[in-house]
Amino acid sequence: MSAVSVEAVRESVDAAPVVLGIETSCDETGVGIVRGTTLLANAVASSVDEHVRFGGVIPEIASRAHVEAMVPTLRSALETAELTLDDVDAIAVTAGPGLAGALMVGVSAAKALALATGKPLYAVNHLVAHVGVGVLDGGELPPNLGAVLVSGGHTEILKVDSLTSDITMLGSTIDDAAGEAYDKVARLLGLSYPGGPVIDKLAAQGNRKAIRFPRGLTTGKFMGTPEEPGPRRYDFSFSGLKTAVARYVEHCEATGEELVIEDVCASFQEAVVDVITSKAVMACREHGLTTLLLGGGVAANSRLRELLAARCASAGIELRIPPFSLCTDNGAMIAALGAQLVMDGVGPTGTDFGTDTSLPVSTVSMLADG
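Just so you know, we're using numbering that gives the first Met the number 0 here: the sequence shown kicks off at 0 and counts up by one.
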């Protein structure tokens, strides 16, 4: 099937296209359906329980789970929306970034649907979709928009000049993502997977000032100044923090000093959210961004929400946080971005494309025959 022209797509839909989105970048199989900026269905099947005993996502297990869940999740979304595939105007799918095998399952399913139905197909960027989901929560995205995405696989600060054509990466993690650091620290402390929820719960019972864990990339040459920014001014590093927690645990075991798990969790969490919130707000101030959107699975973290809200309010920045079901990986965000691309007259990709595990955020959607 060759790529459908922009004109053909425009002629086939009205101002509120119905778009079906498929998301399989990690361990959630998501199928969402939107009409313009209205959410019609958001069906998600997670394989997290299958990864618990390994303490992290196993790509092969995730891929097999996607294969098993794809058709039931698609049916569930269509039933919830009370639609059939004939009612869909376009299909959107995550092409990257993400796990290679997992991405292939979703892309293969989307291509099969596009070939079988003749619907135009858009291959879109997973990270940009986390920002695009904001249209489902509040309509049109505001100008001067920034976004901080925090999950098990990504921690980034973005500048959004145009959702469909102009996204700039201001900063990102140079090693572990924040959610990944939570999982690794939880394992060090003998806690369950995923680590984010359990650490957040225990942290509420601890003293966040009990242990001064390091804040990576926050001093000296890494930061620079607003006038002469350092090379890592908006970047993150959580690997050293994870090591510091490990050394603290080893110290307590070697000396017999009491290890208060709640205090370790609270102090670790404070180090993570302190850096994320301070750098996100700093980036907004220095780039004239007046609204900040928080997305990703770690957006559920209570302390992150609390501290980011306080710092945004102090800086005069409006903070937007979509409902939690739209913050984690889901098909609705893919559909929402696809609908924006259709309405902005961006041409579909067609079926001649492959997955890209490191798709840059500047590529909102893949070009036709690309």
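Glycine is no exception: its CB is placed at the ideal position from the N, C-alpha and C atoms.
How is the alpha helix (DSSP H) around residue i delimited, first residue to last?
{"i": "Tyr192", "result": "Per DSSP, Tyr192 belongs to no alpha helix (DSSP H) and is neither H nor E."}
{"i": "Ala101", "result": "99-116"}
{"i": "Val244", "result": "238-254"}
{"i": "Lys220", "result": "219-222"}
{"i": "Leu135", "result": "133-137"}
Cα separation between residue i and residue j?
{"i": "Gly194", "j": "Ala14", "result": "43 Å"}
{"i": "Ser357", "j": "Leu258", "result": "39 Å"}
{"i": "Val360", "j": "Thr167", "result": "7 Å"}
{"i": "Gly152", "j": "Gly255", "result": "35 Å"}
{"i": "Gly294", "j": "Ala111", "result": "30 Å"}
{"i": "Arg231", "j": "Thr242", "result": "20 Å"}
{"i": "Leu19", "j": "Gly330", "result": "8 Å"}
{"i": "Gly215", "j": "Leu77", "result": "45 Å"}
{"i": "Tyr233", "j": "Ser277", "result": "9 Å"}
{"i": "Ala308", "j": "Asp199", "result": "17 Å"}
{"i": "Val106", "j": "Ser24", "result": "10 Å"}
{"i": "Thr28", "j": "Pro225", "result": "42 Å"}
{"i": "Thr350", "j": "Val104", "result": "14 Å"}
{"i": "Gly133", "j": "Arg284", "result": "21 Å"}
{"i": "Val87", "j": "Ile260", "result": "51 Å"}
{"i": "Phe267", "j": "Asp355", "result": "33 Å"}
{"i": "Thr290", "j": "Leu318", "result": "6 Å"}
{"i": "Ser4", "j": "Glu49", "result": "Here Ser4 scores only 49 on pLDDT, less than 50, and its place in the model should not be relied on; the value that follows carries that caveat. Rounded to whole angstroms, Ser4 to Glu49 spans 42 Å at the Cα level."}
{"i": "Ala109", "j": "Leu73", "result": "11 Å"}
{"i": "Pro347", "j": "Val248", "result": "52 Å"}
{"i": "Arg304", "j": "Ala203", "result": "13 Å"}
{"i": "Asp328", "j": "His129", "result": "8 Å"}
{"i": "Ser46", "j": "Ala64", "result": "6 Å"}
{"i": "Ile90", "j": "Asp174", "result": "33 Å"}
{"i": "Met222", "j": "Tyr181", "result": "24 Å"}
{"i": "Cys311", "j": "Ala113", "result": "43 Å"}
If you follow the beta strand (DSSP E) that residue i is part of, which residue opens it and which one closes it?
{"i": "Thr72", "result": "Segment 58-80 is the alpha helix (DSSP H) holding Thr72; no beta strand (DSSP E) there."}
{"i": "Arg34", "result": "27-34"}
{"i": "Glu405", "result": "Since the displayed the chain opens at 0 and closes at 369, residue 405 lies outside it and no answer follows."}
{"i": "Asp174", "result": "Where Asp174 is concerned, there is no enclosing beta strand (DSSP E), given that its DSSP letter is neither H nor E."}
{"i": "Ala42", "result": "37-45"}
{"i": "Ile95", "result": "It should be noted that the sequence gives Gly, not Ile, for residue 95. Looking at the DSSP string, the run of the beta strand (DSSP E) that includes Gly95 is 89-95."}
{"i": "Leu157", "result": "154-161"}
{"i": "Val51", "result": "Here Val51 belongs to no beta strand (DSSP E), and DSSP marks it neither H nor E."}
{"i": "Ala122", "result": "120-124"}
{"i": "Leu148", "result": "144-149"}
Are residue i and residue j closer than 8 Å when you measure CB to CB?
{"i": "Ala338", "j": "Pro16", "result": "yes"}
{"i": "Ala94", "j": "Ala61", "result": "no"}
{"i": "Val33", "j": "Ile21", "result": "no"}
{"i": "Ala146", "j": "Leu292", "result": "yes"}
{"i": "Leu271", "j": "Leu240", "result": "Strictly speaking, residue 271 in this sequence is Val, with Leu absent from that position. Their beta carbons are under 8 Å apart, which means Val271 touches Leu240 by this criterion."}
{"i": "Glu155", "j": "Gly131", "result": "no"}
{"i": "Met332", "j": "Phe352", "result": "no"}
{"i": "Ile275", "j": "Phe212", "result": "no"}
{"i": "Val123", "j": "Leu144", "result": "no"}
{"i": "Val363", "j": "Thr163", "result": "yes"}
{"i": "Leu135", "j": "Ala335", "result": "yes"}
{"i": "Leu306", "j": "Val244", "result": "no"}
{"i": "Arg207", "j": "Glu269", "result": "yes"}
{"i": "Tyr192", "j": "Val297", "result": "no"}
Nearest CA to the CA of residue i: which residue from the options?
{"i": "Ile57", "options": "Leu98, Ile260, Glu81", "result": "Leu98"}
{"i": "Leu190", "options": "Val263, Ala44, Cys251", "result": "Val263"}
{"i": "Ala42", "options": "Leu288, Glu59, Met69, Arg52", "result": "Met69"}
{"i": "Ala44", "options": "Asn124, Ser324, Leu336", "result": "Ser324"}
{"i": "Gly315", "options": "Leu288, Val51, Ala335", "result": "Leu288"}
{"i": "Glu59", "options": "Leu187, Ala203, Val149, Asp26", "result": "Asp26"}
{"i": "Gly344", "options": "Tyr121, Cys326, Thr72", "result": "Tyr121"}
{"i": "Ala265", "options": "Asp328, Gly54, Val184", "result": "Val184"}
{"i": "Asp85", "options": "Val66, Ala64, Ala115", "result": "Ala115"}
{"i": "Leu126", "options": "Pro119, Val92, Gly205", "result": "Val92"}
{"i": "Ile320", "options": "Gly137, Phe53, Val66", "result": "Gly137"}
{"i": "Pro196", "options": "Thr218, Ser150, Ser238", "result": "Ser150"}
{"i": "Ala177", "options": "Ala367, Ala299, Cys311", "result": "Ala299"}
{"i": "Leu157", "options": "Phe53, Pro119, Arg302, His286", "result": "His286"}
Any heavy atom of the ligand MN closer than 7 Å to the Cβ of residue i?
{"i": "Val149", "result": "Annotation note on the ligand MN: not contained in the displayed structure, which lists no ligands."}
Problem set entry | Contained beta strand (DSSP E) runs [length at least 3] in the stretch 263-345, N- to C-terminal order | 290-294, 317-319
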